[in-house]
Amino acid sequence: MVITVDKLNDNLETEYVLNKFFVTNNIFINNQHDYSLYGYDELKIKKDKVKAVYIDCAESRALIDIYNKFIRTYPSQVQPISNWDLELGDFEESVFLFDKFKRSNKVRDLEAMAVDPYKIGRYFAQLSSKFSNVKLEKQSQKDIETQIKKINAFLLGEQGLEYYTQWQNYMYFLICVNKEQELRVFYKRIKKIIENLKAQLNEMYKYKPTIVKKLKSTLIRHLQISYYIAYSLKIDKVPEKKKSNVQRYINANLFNHNLIKLPLANYIYNGEKALLNLNIEDFKEVVIDLETNFKFKWSPRFIHYDEIQSLLFYNEFNNFKAPHENDPQFLFEKFCLINRLVCGEPFVELIGNTRIKGFKDNYILREYTINDDTIYVGGDINVCTGNVSVNNSDIIDYLKHGTITMADKKTIWKILNETYLNCHKDVKLLILPELFYPYELIKELLAFARRSQIAIVVGLRYLKTIDNRVKNCFAAIIPFVKEGYKNAAIFIREKNDYSPIEKCILARHGFVCVDKKKPNYEIYSWKGIDIAPMVCFELTDIVARAILKGNTDIIALPVNNQDTTYFSNIIESTVRDLHCMIVQANTSIYGDSRVTLPYDRNTKDIFKIKGGINDNVLVGSLNLNNIFNYQKNYYQNEYEYLEFLLKRRKGKRQKDKNASSDRQHVKRLSARFTNKRARRKE
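Residue numbers for the sequence shown follow numbering that gives the first Met the number 0, beginning at 0 and rising by one.
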């Protein structure tokens, strides 16, 4: 476990760390010689077996480099994303220790080489996550078949029993890559190995036959459980006589939830469709009656706040209006109820001060305050945009077939990995282009935001209803920390206004998109920074821009736009009129991904880029405090400057403080710009 502290404490010892983070939060009970798990007194942890390592950032970088390379980036326990290198990898190269292979050995003499149990566990643990929810190309299928043969050869005989803990992960993998026949063959072969087991026990064991019999029955039972749990993901492929056994594990939710693409889908779906193949349209009406839902009541894991929010999106997508759908307090109470938390300790209200403003022409502006333990107090912060290619042909292909390729997954993993490696640069916000991210992988993005504490605004790929209605949505994921606990809130909204070109492209392929009758926009107040997302063509609505005037610090703008000249003019006008920063992420095919501030002509663009064949992350550094202070003091400074000009007119010569220089200048406010919000940030 890695705990990050902002500043050194003289009492930063093992006992202090455990007391602060575990004892005070009712996780451990501090006894005289050991700790016991709260509520389970019989589970003891010896104090002398727990160590805390403090790495001082001011000391040698050697330990920090080791931390970044081996701890921060790779182990799944602390890594925000799975291993982003999604190549299958050769099984034998991955698990055997070739450094112990001598020159006298033959190339195929694998028995002469040692096996690394850690590498074996790591290899099998990553298999299913790498290949779940993706369309496999022919070459990938051939590679998988080759590795399956090697794995099966390795698991022959006693090694198949020695690594019995990997049966489950291997079976998950076979299910995810549609190798049900290979799964049944593997099950029968391991069962036969167990039945033929003959243990060489010492003659001193009086009950030798009984011990061997119990060993066999235990291994066979473990094999059956692994088999049924793996088939829980695809009950439609289960032989009829075994369906009742598999259904028991589905009802108990005892399988890897991370392999289900939709958050909480396995909690609310009771049909016969395979859990791996569920889509949003499979949930017509989701009533959040969590008090009576058996699976929620006996959930085997912690349920995150963003997952509960996802249930509301299923309703909105299928045009089912559930009660309290826009009531954050209602969701917070359900969140505490499911996880058996006492509201307020350690979780206080997660989202508060929700306000809805109505404007003329039925415009709605919702303001959400996301409560967090930290706020922005000045200094440089970094924002990222993903410079990635979003191809229209791929978008339409996804819309028609709903398939995600391995190339798509690699691009996403690469962008998130680069963003995470920039965390030490204090990255706060990541913007990804319109129509970039498939909703089927939203769970990975939520986990990344929670663990990295980077806010994300991303355009989702088209979502299609059963009547060929298409919805272009974006997701705003706002992470937060309360009392040391990391969580996130997700807000998904359909685009208010579709461009004429977008409507034509969709119509050519038989799809329809509809503008909203009542445009609605959101502002998220997070860490003292107000973020307002807009999507592409929405920025051309002058009324929509007007309602954000004096209300936002950053406009997050995912776009897929080829008319970059027109949008460039709007952006340069908007940053002056609204006196805010705009972060735009466009596909690298059209370019103009940028960070623009209300500064003078030479310094207004922190970065502005077009093209490139490499998908990567662009990082820009800015100091919002300069803008806040300028807005706060603007009218007072203007008054003082006018007084200065009047005095100079009367003959009192003074130095002009506003004389031009080479330094960066914040541009003046637009007419009737209120500085009340900037003054509240003091």
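Cβ coordinates follow ideal geometry from the N, Cα and C atoms, glycine included.
Problem set entry | One or two residues paired with Arg492 in a DSSP bridge | Phe473
Exercise. Cβ atoms of Ile403 and Pro432: under 8 Å apart, would you say?
Worked result: no
Problem set entry | Secondary structure of Asn632, DSSP reduced to three states | helix
For this session: With distances taken Cα to Cα, identify the nearest neighbour of Arg247 among Lys212, Ser309 and Lys294.
Result: Lys294
For this session: In the DSSP assignment, find the unbroken alpha helix (DSSP H) run with Val184 in it and report its ends.
Result: Glu179 to Glu194
Problem set entry | Collapsed DSSP secondary structure at Glu439 in the structure displayed | helix
For this session: Pick out the complete alpha helix (DSSP H) segments inside the stretch 510-585, 4 residues or longer, and give them in chain order.
Result: 541-546 and 563-576
Problem set entry | Proximal residues to Tyr226 (C-beta, below 6 Å), its chain only, five neighbours per side dropped | Tyr186
Exercise. Using 8 Å as the threshold, is the stretch 373-389 in touch with the stretch 607-615, meaning 3 or more CB pairs across them?
Worked result: yes
For this session: Could you please give the first and the last residue of the uninterrupted alpha helix (DSSP H) stretch that includes Val245?
Result: Lys242 to Ala251
Exercise. Buried or exposed: which applies to Ala474, given that a residue is buried once 16 or more other Cβ atoms fall within 10 Å of its Cβ?
Worked result: buried
Exercise. Given that a residue counts as buried once 16 or more other Cβ atoms are within 10 Å of its Cβ, and exposed if not, what is Arg339?
Worked result: exposed
Problem set entry | Extent of the continuous alpha helix (DSSP H) run through Lys149 | Lys137 to Phe153
For this session: Look at the Cβ atom of Tyr313, then the Cβ atom of Ile279, and state whether they are nearer than 8 Å.
Result: yes
Exercise. Is Phe566 closer than 8 Å to Val574 when the C-beta atoms are compared?
Worked result: no
For this session: Starting from the Cα of Val16, find the closest Cα among Ile307, Gly483, Ala584 and Arg468 and give me that residue.
Result: Gly483
Exercise. Measuring CA to CA, which of Asn550, Asp496, Gly509 and Ile541 is closest to Ile522?
Worked result: Asn550
For this session: Reducing DSSP to helix, strand and coil, say where Ile455 ends up.
Result: strand
For this session: State the CB to CB distance for the pair Val457 and Lys463, rounded to an integer number of angstroms; the pair is presumed to be in contact (CB under 8 Å).
Result: Incorrect: roughly 19 Å between the Cβ atoms, too far for contact.
For this session: Report all residues from its chain with a CB closer than 7 Å to the CB of Gly610; omit the five preceding and five following residues, and keep chain order.
Result: Ser587 and Gly590
For this session: Counting only the same chain and skipping the five closest in sequence on each side, list residues whose C-beta sits under 7 Å from that of Leu459.
Result: Tyr436, Tyr438, Cys472, Phe473 and Ala474
Exercise. Per DSSP, Lys607 is paired with what?
Worked result: Arg593
For this session: Return the residue from the list Ile249, Pro208, Val665 and Val211 that minimises the CA-CA distance to Ile224.
Result: Ile249
Problem set entry | Beta-bridge pairing of Lys485 - partner residues as DSSP gives them | Val480
Problem set entry | One or two residues paired with Phe254 in a DSSP bridge | In the DSSP output, where bridge partners are listed per residue, Phe254 has none listed.
For this session: Please work out which residues of its chain come closer than 6 Å, Cβ to Cβ, to Leu36, disregarding the five sequence neighbours upstream and downstream, and give them in chain order.
Result: Leu42
Problem set entry | Straight-line gap, Arg368 to Glu144 (C-alpha atoms, nearest Å) | It is worth fixing the name first, because residue 368 is Thr in this sequence and not Arg. Taking the straight line from one Cα to the other gives about 51 Å.
Exercise. Buried or exposed: Ile541, going by 16 or more other Cβ atoms within 10 Å of its Cβ?
Worked result: exposed
Exercise. Which whole-angstrom value describes the C-beta separation of Leu577 and Lys548, a residue pair presumed to lie in contact below a C-beta threshold of 8 Å?
Worked result: 5 Å
Problem set entry | Proximal residues to Met580 (C-beta, below 6 Å), its chain only, five neighbours per side dropped | Ile553 and Leu596
Exercise. What is the rounded straight-line gap between the Cα of Glu12 and the Cα of Asp372?
Worked result: 23 Å
For this session: Might you give, ordered along the chain, the residues of its own chain that have their beta carbon closer than 6 Å to the beta carbon of Ser620, omitting 5 neighbours on each side?
Result: Asp379 and Asn381
Exercise. For Phe698, which beta-bridge partners are listed by DSSP?
Worked result: Because residue 698 is not part of the residues shown, which for the chain are 0 to 681, the question remains open.
Exercise. Does the beta-carbon distance from Asn255 to Tyr171 come in below 8 Å?
Worked result: yes
Problem set entry | Contact belief for Val582 with Ile430 at Cβ below 8 Å, rounded distance in angstroms | 5 Å
For this session: For the alpha helix (DSSP H) holding Gly120, just list the boundary residues, first then last.
Result: Pro116 to Phe130
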